[in-house]
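Q: At position 201 of the sequence shown (counting the first as 1) the number is 875 in our numbering, and the numbers step up by one without a gap. Ideal Cβ positions, reconstructed from N, Cα and C, are used throughout, including at glycine.
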Amino acid sequence: MSAPTEIKHLHPTLPSNSTRWSRKKSITTEKRIIPSVLCSAQAPSANLPEGWCEFVQPEGQLYFYHRRSRVVTDTNIRLQEKRDLVDEFILVLKGVLKEKDVKISETMDIMFQLEEDDEFGYYIADHKSCTIKWLQDVASDEVGLGRPSSEVNLGWLLTEQYWSHVEYFPSHLAGIGMESVQELIGVLVHAEADHLTSSVGTFPYHVEQCGKFLELLRHHVSPSSQLLTDRYVICVTARLWSQVARNRAMNFYGEECARLSRGERLDSDGPKGNPRFVRFLEKALLFGIPSKYASDLDDLWADGFVYNHTSEQYALHFTKEWKENGFWALGIACLNVLLCHLMKGSQPFTMASLLCSAISFVLSLLFVVVIGNPVDFKIERVLNFFISMDHPVYGLAPLSIVCSLPKALLVWSSGLMSLQIFVSFVYPLFTLDFNNPIGFSFTLFSAVCTIIVLFAFAYRFLRFRLSSLKTYSWLKSEKRV
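#1: Helix, strand or coil, according to DSSP, for V776 in the structure here?
#2: When we look at the beta-carbon of G818 and count the other beta-carbons within 10 Å, is it buried (16 or more) or exposed?
#3: Just how far apart, CA to CA, sit L788 and T903?
#4: Can you list, in chain order, the residues of its chain whose CB lies under 7 Å from that of S1142, leaving out five sequence neighbours each side?
#5: Three-state secondary structure (DSSP) at P878?
#6: Taking only three categories from DSSP, how would you classify Q754?
#7: Is the beta carbon of V766 closer than 8 Å to that of W686?
#8: Secondary structure at H740, three-state DSSP: helix, strand or coil?
#9: Among G978, C1030, Q987 and F887, which one has its Cα closest to the Cα of C1008?
#10: Starting from I784, follow the alpha helix (DSSP H) in both directions and report where the run begins and ends.
#11: Less than 7 Å between C-beta atoms, sequence neighbours within five positions excluded: which residues of the same chain meet that for D970?
#12: Compare the C-alpha of L858 against each of R741, A932 and V907 and name the closest.
#13: Applying the 10 Å Cβ sphere with the 16-neighbour rule, what's the burial state of L684?
#14: Helix or strand or just coil, what does DSSP make of K1165?
#15: Is the stretch 849 to 858 touching the stretch 924 to 941 in the sense that three or more CB pairs, one from each, lie closer than 8 Å?
#16: Are at least three pairs of beta-carbons, each pair with one atom in the stretch 943 to 963 and one in the stretch 915 to 931, less than 8 Å apart?
#17: Buried or exposed: L862, going by 16 or more other Cβ atoms within 10 Å of its Cβ?
#18: What is the DSSP secondary structure of E834, reduced to helix, strand or coil?
#19: Do F877 and D783 have their beta-carbon atoms positioned less than 8 Å apart in this structure?
#20: Which residue marks the beginning of the alpha helix (DSSP H) containing H864, and which one marks its end?
#21: What three-state label does DSSP hand L1057 in the structure shown?
#22: Can you determine whether any heavy atom of the ligand ADP sits closer than 7 Å to the C-beta of Y796, and answer yes or no?
#23: What residue does the alpha helix (DSSP H) around Y906 start on, and which one ends it?
#24: Could you tell me whether the Cβ atoms of S1027 and P1080 are closer together than 8 Å?
#25: Between the C-alpha atoms of R752 and Q735, what's the straight-line distance to the nearest angstrom?
#26: DSSP beta-bridge partners for T805?
#27: On the premise that K768 lies in contact with T781, defined as a C-beta separation below 8 Å, what is that separation, rounded to the nearest angstrom?
#28: Beta strand (DSSP E) containing L960: first to last residue?
#29: Relative to the C-alpha of Y927, which candidate in Q835, V826 and F992 has its C-alpha closest?
#30: Does the distance from the C-beta atom of A1082 to that of I963 stay below 8 Å?
#31: Using a Cβ-Cβ cutoff of less than 7 Å, which residues in the same chain neighbour E793 once the five nearest sequence positions on both sides are dropped?
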């Protein structure tokens, strides 16, 4: 059966598409008369149209609710032009409901949102099934829900939107079932224990946050009550449930391919990494250091989402590493300058070592400045950074090369400086005299051996260091109490 004509005026939307933050706001002030004691106070709802009541969301947003039609909106119906549009929406809605022979139960809210070009954005929040519905079939990608992997995954996406609705419009509700709060407490208890026994948990809040949320909720849970009626606690509960539902959707909760580790990739179209010849150059010139950074960055940005508390931990680790690297690079640069004045030797080695240490110091300082204070990280900043750095083919592999440059250059600088010291001691004993084959051969052989030994030592040291870090990371990820 074809859709009724009136339904064309109704545009499906989501709570996440709310204009409560993006709409233009302005306040005008004027002199007001304060009534005398002889005047009776008038309720704010007295001037509202018949059937409408006004409520205030705990954060302060004013909204209106029509009990008979069960329409809720944050459109200011005190303004006549806005009220006319809301009345028109209700008329269109009644026509569609009559045409489809659909009845709106007492456990539903119909949210109206005035969109651009005066379109009627709407959705139906079902408090019984904790989901969002519409009066027509809706494609998930057209409404903003992307491409779910299954019906279960779609269900969690709709559950997230439902709890966002409750968060935005909690004050007109008689209450929410206490079982929802008790289940949320169980979820937080499990998440807290999971973080305490594993470093790769997928829950979005860390241990301290889970503990604070548990303390807050337990204070307001009454075993003898069937409903949670405090609008402030309802708002908090809804916000937490919204985050839990979003996290479950992102990690494919309840499916065969559920993500059980934070860094686990499930997207088959993930990045391929650098080409083979680039990986060869990484090992030959950068001592394989980029692979360590690539592993860390991949754990942070698995399948295109990031956790705020883990990004803060990694940023603190990287910042500490770059600060230490900059300190050593500056020390080697100063030592190179001193060696230029105190010893005779091969000036190209000295200048090359000085150049590498100087670049390493500048890059370390630059990276520390760019990251800033990891404690003040905002998830939006971290997300925008990874989106801008994520190559469509190679992912974060190019970024791992850039991050490894300070340490790799420091190794080069250390090796060249060591070679400079060795040659400076050998040079007074043997000169590069072509007429003296023995002296020339010994000096050349010593220089070549020094280069091989120094770089072999540096390479083995770094390989051992990286292997130790990976082993520790693996043990840490597998640790259970």
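A: Taking the structure as given:
#1: Walking along the sequence shown from the start, residue 776 turns up at place 102. Looking at V776 - three-state DSSP - the assignment turns out to be coil, as it is neither helix nor strand.
#2: Locating residue 818 in the sequence shown gives position 144, counting from the first residue. Counting the other CB atoms within 10 Å of its CB gives G818 a total below 16, which places it among the exposed residues.
#3: Looking up residue 788 in the sequence shown gives position 114. Looking up residue 903 in the sequence shown gives position 229. C-alpha separation (whole angstroms): 29 Å.
#4: Along the sequence shown, read from residue 1 onward, the residue named residue 1142 stands at position 468. Only weak support is given to the placement of S1142: the predicted model assigns it a pLDDT of 42, under 50, and the question is left unresolved by the model.
#5: Translated into the one-based positions of the sequence shown, residue 878 becomes position 204. Reduced to three states, the DSSP call for P878 is coil.
#6: Walking along the sequence shown from the start, residue 754 turns up at place 80. Secondary structure of Q754 (DSSP, three-state): helix.
#7: For the purposes of this step, residue 686 is taken as the residue at position 12 of the sequence shown. For the purposes of this step, residue 766 is taken as the residue at position 92 of the sequence shown. The question names Trp, but residue 686 is Pro in the sequence shown. No; because the gap between Cβ atoms is not below 8 Å, this pair is not in contact.
#8: The residue labelled residue 740 in the question sits at position 66 within the sequence shown. DSSP places H740 in strand when its eight states are reduced to three.
#9: As a first step, residue 1008 is located in the sequence shown; it is residue number 334 there, counting from the start. That would be C1030, whose Cα lies nearest to the Cα of C1008.
#10: For the purposes of this step, residue 784 is taken as residue 110 along the sequence shown, with counting starting at 1. Where I784 is concerned, there is no enclosing alpha helix (DSSP H), although the beta strand (DSSP E) it sits in stretches over M782 to L788.
#11: Within the sequence shown, numbered from 1, the residue matching residue 970 stands at position 296. A distance below 7 Å between beta-carbons, with the five flanking residues on each side excluded, links D970 to the following residues of its chain, in chain order: Y988.
#12: Translated into positions along the sequence shown, residue 858 becomes position 184. Of the candidates R741, A932 and V907, the one whose C-alpha sits nearest the C-alpha of L858 is V907.
#13: In the sequence shown, residue 684 corresponds to position 10, counting from 1. L684 is buried by the Cβ-count criterion.
#14: For residue 1165 there is no data in the structure shown, the boundaries of the chain being 675 and 1155.
#15: Flag = no, the stretch 924 to 941 and the stretch 849 to 858 do not touch.
#16: For the pair of segments examined, the stretch 943 to 963 was found not to touch the stretch 915 to 931: the number of CB pairs separated by less than 8 Å stays below three.
#17: Reading the sequence shown from its first residue, position 188 is the one you call residue 862. Buried: at least 16 other Cβ atoms inside 10 Å.
#18: For the purposes of this step, residue 834 is taken as the residue at position 160 of the sequence shown. E834: helix per DSSP, three-state reduction.
#19: To locate residue 783, count along the sequence shown from 1; it is residue 109. To locate residue 877, count along the sequence shown from 1; it is residue 203. Contact annotation: D783 and F877 have beta-carbon atoms that are not nearer than 8 Å.
#20: In the sequence shown, the residue the question calls residue 864 occupies position 190. Looking at the DSSP string, the run of the alpha helix (DSSP H) that includes H864 is M852 to T871.
#21: Counted from its first residue, the sequence shown places residue 1057 at position 383. Shown here, L1057 sits in a helix according to DSSP, grouped into three states.
#22: Although the ligand ADP was asked about, the structure shown includes no ligands whatsoever.
#23: Start at 1 with the first residue of the sequence shown, and residue 906 comes out as number 232. DSSP places Y906 inside the alpha helix (DSSP H), whose first and last residues are R905 to M924.
#24: Here residue 1027 corresponds to residue number 353 of the sequence shown, with the count starting at 1. Here residue 1080 corresponds to residue number 406 of the sequence shown, with the count starting at 1. Not a contact, by the Cβ cut-off of 8 Å.
#25: Residue 752 sits at position 78 when you count from the first residue of the sequence shown. Residue 735 sits at position 61 when you count from the first residue of the sequence shown. R752 and Q735: Cα-Cα distance of roughly 15 Å.
#26: Position 131 of the sequence shown, counted from the first residue, corresponds to residue 805. Answer is D800.
#27: Residue numbering aside, residue 781 sits at position 107 when the sequence shown is read from its first letter. Residue numbering aside, residue 768 sits at position 94 when the sequence shown is read from its first letter. Separation of the CB atoms of T781 and K768 is rounded to 19 Å, and the pair is thereby denied contact status at 8 Å.
#28: Walking along the sequence shown from the start, residue 960 turns up at place 286. For L960, there is no enclosing beta strand (DSSP E), since its DSSP letter is neither H nor E.
#29: Position 253 of the sequence shown, counted from the first residue, corresponds to residue 927. Among Q835, V826 and F992, the Cα nearest to that of Y927 is on V826.
#30: On the sequence shown, position 408 is the one that residue 1082 refers to. On the sequence shown, position 289 is the one that residue 963 refers to. Yes. Within cutoff.
#31: In the sequence shown, residue 793 corresponds to position 119, counting from 1. Excluding positions up to five away in sequence, the list reads H685.
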